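J.: Numbering (this note's numbering), first residue to last: 5 to 729. Beta carbons are placed, not taken as given, at the ideal position from N, Cα and C, and that holds for glycine. Remember, predicted model here, so these are calculated numbers, not experimental data. Dropping a structure here in structure tokens format, bear with me for questions.
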């Protein structure tokens, strides 16, 4: 087939014609997009599970030991709210009053200077003079989300001191790795040195408890004392009497007698180097345990952090990446097969190549727009898989049509691209406009969702450039000999498919079925419109109420967490008894499934913690831990979903049904889905108060255990809120 006699390439003008005639420039542009995207991915794009954003929320935590929720509200919460409500940039104030502590979250307006607002809030809190004497110094911080990457459980038949020592040693070892920055322990009591002085000893030596406390405080200091200039130089003075262990406090002198004898702390008191007397303990598979949580901060990636801590957790992040790659491979294969069936194999190859070119080219915009490789950006890539080749298919088919009409390669490439350039451009622009409103979603969740339109728009714009500038250049010249050799297996397979003559069958169907039906539909246009409206109304009527709606889909995880909340004041023994029963039921389900399958166990372990609730389930108190004898958490670790027959949702349903009703329980909630939630609903079992204030523990509603719906894990990946002062 030769070029038309009246076609003069030199007379063709425009960017499309220039690109079609200059294949070298088109290939250079293609290499820039591919190589630039790969280099940017390897060197300049942060990888994380979910985007790390500042939440524009200032947290105020106040400890009031021994106070009831009502007392905390009257003495602390009201004063804090009154102090911060008039600060510039404050949008909403939300407070929680709990037993012994209060929390206030100050949500800021958009574009507010967060550091200035933080300083203003600190100054306002410092000016409060009405706090009771027993109130501890308030903690004011700016909330930010820190992503947890991996949890390591240490357990065994050892005492609490040994378990704490091993956990601390493991924590220090992890922190020595340059790839890990932040590690914390959970499920174990904080360290505490207690000095217990009997009243009889105080009377014997004429001391009071305040005098003992003052002398202990004065003897445990580390202060600079200035300097003394001498002829040999300056000598710095410093008091280094800091004491960190119980035996060091035992040697503090309380009294010096006239005869030279001394009364030390160990003579009048019992010094215990142990743990705080709080109701908290954790077990794993029935043995004492402590959990080590490793977080990702800054530019660290989940893969490097998890590799430094434990290789297993890398699978959690790579699972989403493998989903994208799997969909990309399937998409490439389907595009190749579909186009090769109805068009020529060479055209199918160049159209399909638009997918990796568009994806790689879009990576160039990630550093500029402050977008990272995370769950949401990978989700956006998956969205565009079905859209990115549409414009290339339209352009390629237009060029193919002109070739079938007898035109030469260059003439067909220029003419076909110009013919459909306008509709292709407007099709891409309308898709970009459809996603653009997500850029304007306000609040913290808007910072998460902005990733989707940025990625989609970038991919679509690169695909537009590829389809109008690079694709016509490839189709305007014969395929290079070296590429024919590389693609020889593919071309051979496509020639076999060509024998099916699908293109001719498609044309026959169009001429004898579609066009006659189209003509009738156009003649009966009112009937056609009515049928379309009826179909729309019928579809909406059928869908409404039958198909659940969710803003973003959640994925079933392999970790099931049951959170138990009993009434405030419940003895820890009662909470532990109920938690043990919940854990025993979960283990019985596992044992029953293992017996039926006669295969490996479906559980990797069972973690139980009494005296605290997971930070992921805490409400407005934010980063402040939710602790107390009425809280318990049971965590069942399952193996990968592909290796077990019972799904996570069915496991949770059976677990709920077998637990039944727990008399007196405030709530029992289950978490097993991983995904982003646009907002967290009010949890059952807490009193709602006006002005966004809650007094937790003020009253409790009895509900059936398991009645609360399964909630997703906030920010996914085991992420939890953290604060920076």
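Per DSSP, what are the beta-bridge partners of residue 242 in this structure?
T.: Bridge partners of residue 242: 228.
J.: On the premise that residue 66 lies in contact with residue 80, defined as a C-beta separation below 8 Å, what is that separation, rounded to the nearest angstrom?
T.: Residue 80 to residue 66, Cβ: 5 Å. Contact.
J.: For residue 67, name the three-state secondary structure that DSSP assigns.
T.: Residue 67: strand per DSSP, three-state reduction.
J.: What is the C-beta distance between residue 420 and residue 438, in whole angstroms, given that I count them as a contact (C-beta under 8 Å)?
T.: Actually they do not touch by this definition, with Cβ atoms about 27 Å apart.
J.: Can you give me the C-alpha to C-alpha distance between residue 475 and residue 446, rounded to a whole angstrom?
T.: Their backbone Cα atoms lie some 39 Å apart in a straight line.
J.: Do the CB positions of residue 88 and residue 283 come within less than 8 Å of each other?
T.: No, the Cβ-Cβ distance between residue 88 and residue 283 is not below 8 Å.
J.: Can you say whether residue 513 is buried or exposed, counting buried as having 16 or more other CB atoms within 10 angstroms of its CB?
T.: Per the 10 Å Cβ criterion, exposed.
J.: Between residue 572 and residue 612, is the Cβ-Cβ spacing less than 8 Å?
T.: No. Outside cutoff.
J.: State the DSSP-derived secondary structure class of residue 289, mapped to helix, strand or coil.
T.: Residue state, collapsed to three classes: coil.
J.: For residue 561, name the three-state secondary structure that DSSP assigns.
T.: In this structure, residue 561 counts as strand in the three-state DSSP scheme.
J.: Determine the contact status of residue 139 and residue 125, defining contact as a CB-CB distance below 8 Å.
T.: The answer is no: Cβ separation not under 8 Å.
J.: Look at the Cβ atom of residue 593, then the Cβ atom of residue 658, and state whether they are nearer than 8 Å.
T.: Yes, the Cβ-Cβ distance between residue 593 and residue 658 is below 8 Å.
J.: Measure the C-alpha to C-alpha separation of residue 169 and residue 614 and round it to an integer number of angstroms.
T.: Their Cα atoms are separated by approximately 21 Å.
J.: Which runs of the beta strand (DSSP E) fall wholly inside the stretch 517 to 594 and span at least 3 residues, in chain order?
T.: Listed in chain order, the complete beta strand (DSSP E) runs (minimum 3 residues) inside the stretch 517 to 594 are 559 to 569.
J.: Is the stretch 99 to 109 close to the stretch 69 to 85, with three or more CB pairs under 8 Å?
T.: Yes: the two stretches touch, three or more of their Cβ pairs being nearer than 8 Å.
J.: Identify every residue that forms a DSSP beta bridge with residue 639.
T.: Beta-bridge pairing links residue 639 to 565 and 611.
J.: Between 517, 19, 579 and 566, which lies nearest to residue 667 when the distance is taken from Cα to Cα?
T.: Per the Cα distances, 579.
J.: Helix, strand or coil, according to DSSP, for residue 652 in the structure here?
T.: Residue state, collapsed to three classes: helix.
J.: Less than 8 Å between the C-beta atoms of residue 393 and residue 355, yes or no?
T.: Closer than 8 Å, so yes.
J.: What are the residues that DSSP puts in a beta bridge with residue 144?
T.: Its beta-bridge partners are 64.
J.: Indicate the three-state DSSP secondary structure (helix, strand or coil) for residue 634 in the structure shown.
T.: If DSSP states are grouped into helix, strand and coil, residue 634 belongs with the strands.
J.: Could you tell me which whole alpha helix (DSSP H) segments of length 4 or greater appear in the stretch 70 to 113?
T.: If we require 4 residues or more, the alpha helix (DSSP H) runs fully inside the stretch 70 to 113 come out as 73 to 76 and 82 to 88.
J.: Per DSSP, what kind of secondary structure is residue 624 in: helix, strand or coil?
T.: For residue 624, the pLDDT reaches just 32, beneath the cut-off of 50, and the residue's location in the model is therefore unreliable, leaving the point undetermined.
J.: Would you call the stretch 171 to 191 and the stretch 233 to 251 in contact, with 3 or more CB pairs under 8 Å?
T.: Flag = no, the stretch 171 to 191 and the stretch 233 to 251 do not touch.
J.: Out of 337, 641, 294 and 350, which has the shortest C-alpha to C-alpha gap to residue 160?
T.: Cα-wise, what sits closest to residue 160 is 294.
J.: Who pairs with residue 732 in a beta bridge, going by DSSP?
T.: For residue 732 there is no data in the structure shown, the boundaries of the chain being 5 and 729.
J.: Under the rule that 16 or more other beta-carbon atoms within 10 Å means buried, what is residue 520, buried or exposed?
T.: It is exposed - the Cβ of residue 520 has fewer than 16 other Cβ atoms within 10 Å.
J.: May I ask you to list the residues that DSSP assigns as paired with residue 233?
T.: For residue 233, which the question treats as bridged, DSSP gives the partners 238.
J.: Taking the alpha-carbon of residue 731 as reference, which of 338, 330 and 154 has the nearest alpha-carbon?
T.: Here the chain covers residues 5 to 729 and nothing more, so residue 731 does not appear.
J.: Thinking just about the alpha-carbon of each residue, which of 236, 206 and 411 is nearest to the one in residue 267?
T.: Ranking 236, 206 and 411 by Cα distance to residue 267 puts 206 first.
J.: Would you mind giving the Cβ-Cβ distance between residue 25 and residue 414, rounded to the nearest angstrom? I have them listed as a contact below 8 Å.
T.: Indeed they touch by this definition, with Cβ atoms about 7 Å apart.
J.: Would you call residue 194 buried or exposed, if buried means 16 or more other Cβ atoms sit within 10 Å of its Cβ?
T.: Residue 194 comes out exposed.
J.: For residue 244, count neighbouring Cβ atoms within 10 angstroms of its own Cβ and tell me buried if that reaches 16, exposed if not.
T.: Exposed, by the Cβ-count rule.
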